[in-house]
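Novice: The structure under discussion is supplied below as structure tokens; questions concerning it will follow.
Protein chains: 2
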Amino acid sequence: MSTPTKINLDESEIPTRWYNVVADLPEPPPPPLHPGTHQPATGDDFAALFPKALIEQEMSAERYIDIPGDVLDVYRLWRPSPLFRAHRLEKLLDTPARIYYKYEGVSPAGSHKPNTAVPQVWYNAQEGIRKLTTETGAGQWGSSLAFACAQFGLECEIWQVAASYRAKPYRRTMMEIWGGQVHPSPSDVTDYGKQLLAQDPDHPGSLGIAISEAVAEAVEDPTIRYALGSVLNHVLLHQTIIGEEALLQLAKVDETPDILVGCTGGGSNFGGLAFPFLREKLAGNMNPTIRCVEPAACPTLTQGEYRYDFGDTAGLTPLMKMHTLGASFIPEPIHAGGLRYHGMAPLVSHIYELDLVEAISIPQTECFKGALQFARSEGIVPAPEPTHAIAAAIREALACKQSGEERVILTALCGHGHLDLASYATFLAGEMQDLELSETTLREAMQNVPIIES
Amino acid sequence: MSTPTKINLDESEIPTRWYNVVADLPEPPPPPLHPGTHQPATGDDFAALFPKALIEQEMSAERYIDIPGDVLDVYRLWRPSPLFRAHRLEKLLDTPARIYYKYEGVSPAGSHKPNTAVPQVWYNAQEGIRKLTTETGAGQWGSSLAFACAQFGLECEIWQVAASYRAKPYRRTMMEIWGGQVHPSPSDVTDYGKQLLAQDPDHPGSLGIAISEAVAEAVEDPTIRYALGSVLNHVLLHQTIIGEEALLQLAKVDETPDILVGCTGGGSNFGGLAFPFLREKLAGNMNPTIRCVEPAACPTLTQGEYRYDFGDTAGLTPLMKMHTLGASFIPEPIHAGGLRYHGMAPLVSHIYELDLVEAISIPQTECFKGALQFARSEGIVPAPEPTHAIAAAIREALACKQSGEERVILTALCGHGHLDLASYATFLAGEMQDLELSETTLREAMQNVPIIES
């Protein structure tokens, strides 16, 4: 084997700045709009939610932004993360393709989420904020924010989608280990939550509802701010450290990708891996196909509409132009909880509209079949979300077997599945079903999307 | 910070041989005895259980044994494992001590166990064995063996202690993901299991009973062998890659340990870290204090007797001279399931008798208190077993704070706690108790230990 299995970087090689793809796009993304006036939102419109430094990053067109030293200190607990050559999966598939995967499961929370949780908490701490609120679904984001808050001494209050809160008590324990306070959402803590519980005491909740509750709590107190784990520009910015490291690692083994596949929920894992490669592609240094992979039951890019919509269900956030299934859309309960979001990051939506990236959707049983092949060859048990990326990589590798092409495939394994083993138990028992997109639910949700005069 | 947070080795620096401490001891360890004749056991006495190559390693006095290339290929999926400088824990404790921890949770199974599972399976595969049987408690060893069997195409059949089988379904799922077949023990598959179930259909099982069942299945078929995850010489041998790597990593930052602490259940994690450092100590190259840390509820070294006893409950294994609480001793249900074994590795017992190492015991609430401090500073959530090592390291670090000494503390964080979060939930709820060693149970168990004429 000429390429090593694990391609490491030294701590001294860790990238010291994030990459802002906005600087290199042929046209700027449409601005967010004020939810009341429908005019382009200003920094002030975000001031009750986020600290100034993050609002500046959200609106920035600077190509590079320096990573603060305190953030790098925490990153070093797990970064640089390893890039693996999937020698044993390639052998299992009998493919001439060379498969590389960037593994973010080495972080304390077990996913890529701490890459943005840590700087978000640090910037809030710099501006004297005492507490952060957020929402979480399966719990990856909530545990990442709790971990980051523990590093800088902030309190952390989390609304977890009630269905997950009840079904996955262990992820809640993880948040509590790091000092987080967790409520099921809808909760009896906010007016919106109380209203929904009055309608249905067993309400299963949704990400959109949990965002509404966390936002409502934050805007009431100037020492509290809100933190979002995906979708927004500054979140995707922080995640670009994934792609920057992968570029350095591939250069060490003298490879450039022919195709890059990443799973997309809110878009931050995908953007984090893809944007630095898109920069190289736009600069003519390489020419990879870049492909988003979304779940068949929540296909925002491939079946959603590109228009202004809210990020949350109650309509408290600014309006963002994005591919959406409608802010009131509640996806079928697929196992990849982190991909069950009605919208797609405005930046990912924009570059998809510009034809700079492709998108496909894959049903979940194909994803878990691929995950078993992966676990039995590469060892790591993937989280349900990146099984979509793995399934897409396996499709490509098998196409190479047919064609005889030695293509270089790059993907991101954005987290391990140690807290998602119930999903595997369902799959192994032959009880997992491929949930369809509900056309009726979609139609109803899209009717609620506001009409914006252009 | 002068020392990096993570001290990595390149793949090219991975040690290519295991270290056999027997070669350097002032006197050889007492031999195992045939269970019937009480005469020193020969290789033939182990032939129905283990392949020839492993029996040779079990009895070897060679100082170094080469690691086969196929084994190194699988090791590369996670090895070399990182050595961390615990900068953030040191700061939290306000100690002048420098704390290093070798982290084995990066393996696919999440612990040090694959270090021996992989070579054990490979040697069996070389001798044409079709299937391996084993026991497992919390499931760390069973999942490691299932993972290793998947790498070399062997079947894997696992008897899991019934109480854990029922309480921890997710670890069972992990074994099944890697293709393992899992029975609760006692099971209706073996005569011994049937006999115990007839007495008590809800029998909670024990490690000793599960070993008896796995051994019984193996000895009946020449294409099946048995694999043990700790205690035996060849298992400790394979684990020495931990200490060999740690030596190289500490040398990179120009450090030698003043004290080394490791948790001890069967002894393989401890031996794996400690033996290479013991070699250096015996050679006069460094002079660390080396300390075993065991749970207060299962204190084999500090309260057990050093005498010949069986490794299993039914008395099927050869007799081994070791510190034992009696093969029929069933420890209180502490959360560190991997430390609930009645005996201690004969090699660790022997070097303890030679006064080459020390031993202490720590109650579990102190361990979990230390684990929370660790998780909130270093990020990683430790498995219950290494919380004992962490608590001991924290004791040392706080003593340094008192004395002002800048001591170098080295420990092994042998696994993460992602599948043990229920233990943390119990602790966070204030419901964890410090279970005592039951003197009555101990006295009864010791009465069953065979009397050997010397």
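Line by line, the protein sequences are chains A and B.
So the first sequence is numbered by numbering that gives the first Met the number 0: it starts at 0 and just counts up by one.
So the second sequence is numbered by numbering that gives the first Met the number 0: it starts at 0 and just counts up by one.
For each residue, glycine too, the CB sits at the ideal point set by N, CA and C.
Given that a residue counts as buried once 16 or more other Cβ atoms are within 10 Å of its Cβ, and exposed if not, what is ASN286/B?
Specialist: Taking the second sequence and counting its residues from 1, the one referred to as residue 286/B is at position 287. Classification of ASN286/B: exposed, given that the 10 Å Cβ count is below 16.
Novice: Cβ of PHE146/B less than 8 Å from any chain A Cβ?
Specialist: The residue labelled residue 146/B in the question sits at position 147 within the second sequence. Yes, because at least one Cβ of chain A sits closer than 8 Å to the Cβ of PHE146/B.
Novice: Do you know offhand how far TYR340/B's Cα is from LEU206/B's?
Specialist: Within the second sequence, the letter at position 341 stands for residue 340/B. Within the second sequence, the letter at position 207 stands for residue 206/B. Their backbone Cα atoms lie some 7 Å apart in a straight line.
Novice: Report the rounded CA-to-CA distance for ILE128/A versus THR222/A, giving the unit in angstroms.
Specialist: Position 129 of the first sequence, counted from the start, is the residue given in the question as residue 128/A. Position 223 of the first sequence, counted from the start, is the residue given in the question as residue 222/A. Distance between the alpha carbons of ILE128/A and THR222/A: 5 Å.
Novice: Given that TYR423/B touches chain A, what residues does it touch there, using C-beta distances under 7 Å?
Specialist: Here the question's residue 423/B lines up with position 424 in the second sequence. THR172, ILE176, listed in chain order.
Novice: Let me know if PRO168/B comes out buried or exposed under the rule of 16 or more other beta-carbons within 10 Å of its beta-carbon.
Specialist: The residue given as residue 168/B occupies position 169 in the second sequence. Label assigned to PRO168/B: exposed.
Novice: Does the CB of TYR100/A have a neighbour CB from chain B at under 8 Å?
Specialist: What you label residue 100/A is simply residue 101 of the first sequence in a count that begins at 1. So no, TYR100/A is outside the interface.
Novice: If contacts are defined as beta-carbon pairs under 8 Å, then THR255/A and LEU249/A qualify, I think. What distance do you get, rounded to the angstrom?
Specialist: Sequence index remark: in the first sequence, residue 255/A carries index 256 (1-based). Sequence index remark: in the first sequence, residue 249/A carries index 250 (1-based). Right, their Cβ atoms sit about 7 Å apart.
Novice: Expressed to the nearest angstrom, what Euclidean distance is found between the alpha-carbon atoms of GLY179/B and LEU32/A?
Specialist: Along the second sequence, one-based indexing puts residue 179/B at 180. Along the first sequence, one-based indexing puts residue 32/A at 33. Taking the straight line joining both Cα atoms gives about 54 Å.
Novice: ARG224/B CB to nearest chain A CB: under 8 Å?
Specialist: As a first step, residue 224/B must be located in the second sequence, where it is residue number 225. Output row for ARG224/B: interface = no.
Novice: Inspect the beta-carbon positions of LEU53/B and HIS233/B and report whether they are closer than 8 Å.
Specialist: As a position in the second sequence, residue 53/B is number 54, starting the count at 1. As a position in the second sequence, residue 233/B is number 234, starting the count at 1. Cβ atoms of LEU53/B and HIS233/B: closer than 8 Å.
Novice: Kindly say whether THR4/A, judged by its beta-carbon, lies nearer than 8 Å to any beta-carbon of chain B.
Specialist: For the purposes of this step, residue 4/A is taken as the residue at position 5 of the first sequence. Yes, THR4/A counts as interfacial toward chain B.
Novice: Under 6 Å Cβ to Cβ from PHE426/A, same chain only, skipping five residues before and after it: list those, please.
Specialist: Sequence index remark: in the first sequence, residue 426/A carries index 427 (1-based). The answer, listed in chain order, is PHE367.
Novice: According to DSSP, is PRO107/A part of a helix, a strand, or is it coil?
Specialist: Within the first sequence, residue 107/A is the residue found at index 108, counting from 1. In the structure shown, the three-state DSSP call for PRO107/A is coil.
Novice: Closest to GLN372/B by CA distance: which of GLN38/B, GLY228/B, ALA60/B, LEU88/B is it?
Specialist: Against the second sequence, residue 372/B aligns to sequence position 373. When each option's Cα is compared against that of GLN372/B, the closest is LEU88/B.
Novice: Indicate whether at least one CB of chain B lies closer than 8 Å to the CB of TYR169/A.
Specialist: The count along the first sequence starts at 1 and reaches residue 169/A at position 170. Answer yes: the Cβ-Cβ gap between TYR169/A and chain B drops below 8 Å somewhere.
Novice: Per DSSP, which one or two residues make a beta bridge with GLN180/B?
Specialist: As a position in the second sequence, residue 180/B is number 181, starting the count at 1. DSSP, once it has assigned bridges, lists GLU156/B as partnering GLN180/B.
Novice: Output the distance between the C-alpha atoms of LYS320/B and LYS101/B, rounded to the nearest integer angstrom.
Specialist: Sequence index remark: in the second sequence, residue 320/B carries index 321 (1-based). Sequence index remark: in the second sequence, residue 101/B carries index 102 (1-based). Cα-Cα distance, rounded: 30 Å.
Novice: My parser needs the alpha helix (DSSP H) runs of 4 or more residues fully inside the region 2-69 of chain A; what are they?
Specialist: 42-45, 51-58
Novice: Report yes or no: do the region 214-228 of chain A and the region 128-137 of chain A share at least 3 C-beta pairs separated by less than 8 Å?
Specialist: yes
Novice: Between ALA137/B and GLY337/B, what straight-line distance do the alpha-carbon atoms span, to the nearest angstrom?
Specialist: Locating residue 137/B in the second sequence gives position 138, counting from the first residue. Locating residue 337/B in the second sequence gives position 338, counting from the first residue. Between ALA137/B and GLY337/B, the C-alpha separation is close to 6 Å.
Novice: From GLY141/B to THR135/B, what distance separates their C-alpha atoms?
Specialist: Here the question's residue 141/B lines up with position 142 in the second sequence. Here the question's residue 135/B lines up with position 136 in the second sequence. Approximately 5 Å between the Cα atoms of the pair.
Novice: Does the CB of ILE13/B have a neighbour CB from chain C at under 8 Å?
Specialist: Of the protein chains in this structure, namely A and B, none is chain C.
Novice: What's the C-alpha gap between SER437/A and ASN123/A?
Specialist: Locating residue 437/A in the first sequence gives position 438, counting from the first residue. Locating residue 123/A in the first sequence gives position 124, counting from the first residue. Rounded to the nearest angstrom, the two C-alpha atoms are 40 Å apart.
Novice: Report, in whole angstroms, the separation of the C-beta atoms of MET173/A and VAL380/B, which I expect to be a contact under 8 Å.
Specialist: By 1-based counting over the first sequence, the position of residue 173/A is 174. By 1-based counting over the second sequence, the position of residue 380/B is 381. The Cβ separation is near 7 Å, so the contact holds.
Novice: Against chain B, with Cβ distances strictly below 8 Å, would HIS182/A count as a contact?
Specialist: Taking the first residue of the first sequence as 1, we reach residue 182/A at position 183. No, no contact with chain B.
Novice: Going by C-alpha distance, which of TYR99/A, ARG75/A, TRP121/A is nearest PRO107/A?
Specialist: As a first step, residue 107/A is located in the first sequence; it is residue number 108 there, counting from the start. Of the candidates TYR99/A, ARG75/A, TRP121/A, the one whose C-alpha sits nearest the C-alpha of PRO107/A is ARG75/A.
Novice: My understanding is that ASP433/B touches ALA382/B, with C-beta atoms under 8 Å, so please give their C-beta distance in whole angstroms.
Specialist: Looking up residue 433/B in the second sequence gives position 434. Looking up residue 382/B in the second sequence gives position 383. So it is not a contact: roughly 19 Å between Cβ atoms.
Novice: Per DSSP, what kind of secondary structure is ASP253/A in: helix, strand or coil?
Specialist: Taking the first residue of the first sequence as 1, we reach residue 253/A at position 254. Note: ASP253/A maps to coil in three-state DSSP.
Novice: Could you list the residues in the region 115-147 of chain B with a C-beta less than 9 Å from some C-beta on chain A, going in chain order?
Specialist: Those residues of the region 115-147 of chain B that come within reach of chain A (Cβ to Cβ, closer than 9 Å) are PHE146.
Novice: What does a CB cutoff of less than 8 Å around GLU57/A pick up in its chain, not counting 5 residues either side in sequence?
Specialist: Here residue 57/A refers to the residue found at position 58 when the first sequence is read from its first residue. Residues of the same chain with a CB within less than 8 Å of the CB of GLU57/A, apart from the 5 flanking positions on each side, are PHE45, PHE49, LEU231, ASN232, HIS233 in chain order.
Novice: Is there at least one Cβ from chain A nearer than 8 Å to GLU89/B's Cβ?
Specialist: Stepping through the second sequence from its first residue, residue 89/B is reached at position 90. At a cut-off of 8 Å between C-beta atoms, GLU89/B does not count as an interface residue with respect to chain A.
Novice: Would you check if the region 182-199 of chain A and the region 238-245 of chain A touch, i.e. whether three or more CB-CB distances between them fall below 8 Å?
Specialist: no
Novice: Taking Cβ-Cβ distances shorter than 7 Å, what residues in chain A pair up with ALA149/B?
Specialist: Taking the first residue of the second sequence as 1, we reach residue 149/B at position 150. For ALA149/B, the residues of chain A that pass the 7 Å Cβ criterion are ARG375, in the order they occur in the chain.
Novice: Report the residue from ILE408/B, ALA147/B, GLY109/B, HIS86/B whose alpha carbon sits nearest the alpha carbon of GLY414/B.
Specialist: On the second sequence, position 415 is the one that residue 414/B refers to. Ranking ILE408/B, ALA147/B, GLY109/B, HIS86/B by CA distance to the CA of GLY414/B puts GLY109/B first.
Novice: Under 8 Å between beta-carbons, which chain A residues line up against ASP69/B? List them in chain order, please.
Specialist: Position 70 of the second sequence holds residue 69/B. The premise fails here: ASP69/B is roughly 11 Å from chain A at the closest Cβ pair, so nothing lies under 8 Å.
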